[in-house]
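S.K.:
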Amino acid sequence: MFRTGIVAATLLLGVGVVAAAEDQVALTQTAMKSNLKNAIVLYDMTKGKTTYDQTAVDAALVGLEDVAKRFPSFFPESIKDKRPKGDYYASTKVWTQRADFEAHAATFAKVVGEAKTKVKDLDSLKTEFTAINDACLGCHETYRVKAH
Ligand code: HEC
Numbered sequence: 218m219f220r221t222g223i224v225a226a227t228l229l230l231g232v233g234v235v236a237a238a239e240d241q242v243a244l245t246q247t248a249m250k251s252n253l254k255n256a257i258v259l260y261d262m263t264k265g266k267t268t269y270d271q272t273a274v275d276a277a278l279v280g281l282e283d284v285a286k287r288f289p290s291f292f293p294e295s296i297k298d299k300r301p302k303g304d305y306y307a308s309t310k311v312w313t314q315r316a317d318f319e320a321h322a323a324t325f326a327k328v329v330g331e332a333k334t335k336v337k338d339l340d341s342l343k344t345e346f347t348a349i350n351d352a353c354l355g356c357h358e359t360y361r362v363k364a365h
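Just so you know, my numbering puts the end of the sequence shown at 365, numbered straight through with nothing missing.
#1: If you reduce the DSSP assignment to three classes, tell me which class residue 364 lands in.
#2: Taking 7 Å as the cut-off, is the C-beta of residue 274 nearer than that to any heavy atom in ligand 1?
#3: Taking the continuous beta strand (DSSP E) assigned at residue 306, which residues delimit it?
#4: Just verifying my parser: in three-state terms, what is the DSSP assignment at residue 336?
#5: Taking C-alpha atoms, which residue in 285, 252, 310 lies nearest to residue 294?
#6: Can you tell me the Cβ-Cβ gap for residue 329 and residue 278, rounded? I've got them flagged as a contact below 8 Å.
#7: Under 8 Å, do residue 238 and residue 299 count as touching if we go by C-beta distance?
#8: Could you tell me if the beta carbon of residue 244 falls within a distance shorter than 7 Å of some heavy atom in ligand 1?
#9: Are the Cβ atoms of residue 305 and residue 352 separated by less than 8 Å?
#10: Is the distance from the Cβ of residue 336 to the Cβ of residue 284 below 8 Å?
#11: What residue ranges within the region 251 to 292 form continuous alpha helix (DSSP H) runs of no fewer than 4 residues, ordered along the chain?
#12: Run the proximity test for residue 303: is its beta-carbon closer than 7 Å to any non-hydrogen atom belonging to ligand 1?
#13: What span of residues does the alpha helix (DSSP H) with residue 310 cover, start to end?
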């Protein structure tokens with residue numbers, strides 16, 4: 218009886234850990250999608266698809282900074298080798314080259330922080346968006362893998 222209890226408890230705990238990892242994968246995916254959404258707001262303005270709007274710029278930069286500052290927390294050890302359903306997943310290098318990955322995250326946070334103080338008009342947005350985009354690409358080059 219006692220033994221059965223322990224086995225059952227262990228099994229339950231195991232399920233809990235798996236569910237937590239799946240939740241984390243979903244959370245991480247949402248954060249990555251938020252990066253895309255905010256980047257598109259800025260990109261569309263730089264291309265003249267939408268008119269320059271300081272309020273929208275500020276909101277997008279706040280959103281990017283929020284994710285940037287917490288970036289390493291979106292990739293805990295528990296989701297290593299877990300693949301989300303989307304088109305991309307994280308390379309295992311996120312965990313095996315952790316210091317470099319975190320350096321990319323720090324660079325991303327830095328350029329977004331700078332953009333927050335510098336972007337005042339379309340020209341400055343164009344300059345700063347290039348720096349932000351380079352930070353996205355610089356990290357993806359090594360740490361993001363295309364699924365198909
Ligand atoms: C420090 C590294 C890093 C930076 C900086 C970064 N990303 Fe990513 N990104 C990743 C990793 C790792 C993944 C794969 C994990 C995943 O898709 O859950 C990813 C996935 C994505 C995805 C795919 C999500 C999906 O639906 O599968 C998009 C879109 C994305 N990033 C956009 C951006 C944009 C836009 C920026 C810049 C504004 C950015 N990322 C900056 C590391 C980064």
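Think of the CB as a built atom: it goes at the ideal place given N, C-alpha and C, for glycine as much as any other residue. This one's a predicted model, so the numbers in the text were calculated from it and none came from an experiment.
M.R.: According to the structure shown:
#1: coil
#2: no
#3: 305 to 307
#4: coil
#5: 310
#6: 6 Å
#7: yes
#8: no
#9: no
#10: no
#11: 271 to 286
#12: yes
#13: 310 to 313
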